[in-house]
Amino acid sequence: MKDEFWSTHLDKKENLALELATIRVLHPTKNELNDDPLEAEIDFEKRRLERASIKSGGIFYDATRLVSLYWRLIPKEGRRSNVCHLILTRELFGTWDRDDLRWHARAVMLGYPCLVSATGLVEAPAKPSEYYQRRNAGVDVASLKEEMGEHFIDYGDERMIEVLKGYCAQAVFYSMTRQAFCDDPGCRLFNAHWQVELIYAQIGGPYEFCEKHTRMIEKLKAGT
Numbered sequence: 001m002k003d004e005f006w007s008t009h010l011d012k013k014e015n016l017a018l019e020l021a022t023i024r025v026l027h028p029t030k031n032e033l034n035d036d037p038l039e040a041e042i043d044f045e046k047r048r049l050e051r052a053s054i055k056s057g058g059i060f061y062d063a064t065r066l067v068s069l070y071w072r073l074i075p076k077e078g079r080r081s082n083v084c085h086l087i088l089t090r091e092l093f094g095t096w097d098r099d100d101l102r103w104h105a106r107a108v109m110l111g112y113p114c115l116v117s118a119t120g121l122v123e124a125p126a127k128p129s130e131y132y133q134r135r136n137a138g139v140d141v142a143s144l145k146e147e148m149g150e151h152f153i154d155y156g157d158e159r160m161i162e163v164l165k166g167y168c169a170q171a172v173f174y175s176m177t178r179q180a181f182c183d184d185p186g187c188r189l190f191n192a193h194w195q196v197e198l199i200y201a202q203i204g205g206p207y208e209f210c211e212k213h214t215r216m217i218e219k220l221k222a223g224t
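Take the UniProt record's numbering: the last position of the sequence shown gets the number 224, and nothing is skipped along the way.
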């Protein structure tokens, strides 16, 4: 386990900063990346690599390219199918949807390694429709958060740790079974698209895992 993944690769920070700058998404409805980054963008990525406290607020990365970047930094001896590489990050990332031709933020990216984004848990699942309707009508966002906060996860939310546990479980299950997500909305492996779904699956449901995944856990514990 490593506290800060990037800090162990600062000898490569010049190349890493350049690549991070180039895999930024420039526009939500254009399938193109930042192929010719500005020097200021590269310098910002260098500073962020050196100091984990610097947040990448507003920056959106291509999740597929980000997974590839992380994978290349894992030592070859650690690239084994029986090892779960899980990276918790504040980076916001997403994937391009060919159906509606836009980028979608993701809370988790299942792959090698698996990425779980705390920022994505806030930004990716949609808030209740009423929130957007009232915000667009001019209601103050702070007031909306105070009034409707129980219906979505926000920054600094005390429920975040519990939600992260469930998303880490998704990554672990994927690494062990090669199966992504669960169709049961009450299972912690459910792929929530709305905040209310996320809260129900991770906190408010009647059980942690569905019958199918509970049986799988028992088999794994028994080594069968």
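Even glycine gets a Cβ: it sits at the ideal position worked out from N, Cα and C.
What you are looking at is a predicted structure, and each value in this text was computed from that prediction instead of being measured.
Whole angstroms are fine: how far does the CA of E218 sit from the CA of Y61? Along the sequence shown, read from residue 1 onward, the residue named residue 61 stands at position 61. Along the sequence shown, read from residue 1 onward, the residue named residue 218 stands at position 218. C-alpha separation (whole angstroms): 37 Å.
*List the endpoints of the continuous beta strand (DSSP E) containing H104.*
Position 104 of the sequence shown, counting from 1, holds the residue named residue 104. Counting along the chain, the beta strand (DSSP E) containing H104 begins and ends at 102-106.
Under 7 Å: does the beta carbon of G156 sit that close to some heavy atom of the ligand NAP? As for the ligand NAP, it is missing from this structure, which has no ligand bound.
Tell me which same chain residues have a C-beta within less than 6 Å of the C-beta of V172, skipping the five on either side of it?
-> Against the sequence shown, residue 172 aligns to sequence position 172. If we look at V172 and ignore the five residues flanking it on each side, its Cβ neighbours are C84.
Under three-state DSSP, which class holds V139?
Position 139 of the sequence shown, counted from the first residue, corresponds to residue 139. In this structure, V139 counts as coil in the three-state DSSP scheme.
| query | What is the DSSP secondary structure of residue 232, counted as helix, strand or coil? | reply | Because residue 232 is not part of the residues shown, which for the chain are 1 to 224, the question remains open.
Burial state of G156 (16 or more Cβ within 10 Å)
Mapped onto the sequence shown, residue 156 falls at position 156. G156 should be labelled exposed.
Are L49 and L10 close, meaning C-beta to C-beta below 8 Å? The count along the sequence shown starts at 1 and reaches residue 49 at position 49. The count along the sequence shown starts at 1 and reaches residue 10 at position 10. The answer is yes: Cβ separation under 8 Å.
Subject >> For L69, the first and last residue of its enclosing beta strand (DSSP E) >> reply: Stepping through the sequence shown from its first residue, residue 69 is reached at position 69. Here L69 belongs to no beta strand (DSSP E); instead the alpha helix (DSSP H) covers 63-73.
Original post:
Skipping 5 residues on each side, what residues in its chain have a beta carbon closer than 7 Å to that of R188?
Top reply: Position 188 of the sequence shown, counted from the start, is the residue given in the question as residue 188. For R188, where only same-chain residues beyond five positions count, the Cβ hits under 7 Å are G166, A169, A201, Q202, E208, F209.
query = Of the residues N31, R215, H213, T89, which one's Cα is nearest the Cα of C114?
reply = Stepping through the sequence shown from its first residue, residue 114 is reached at position 114. Looking at the Cα atoms, T89 is the closest of the given residues.
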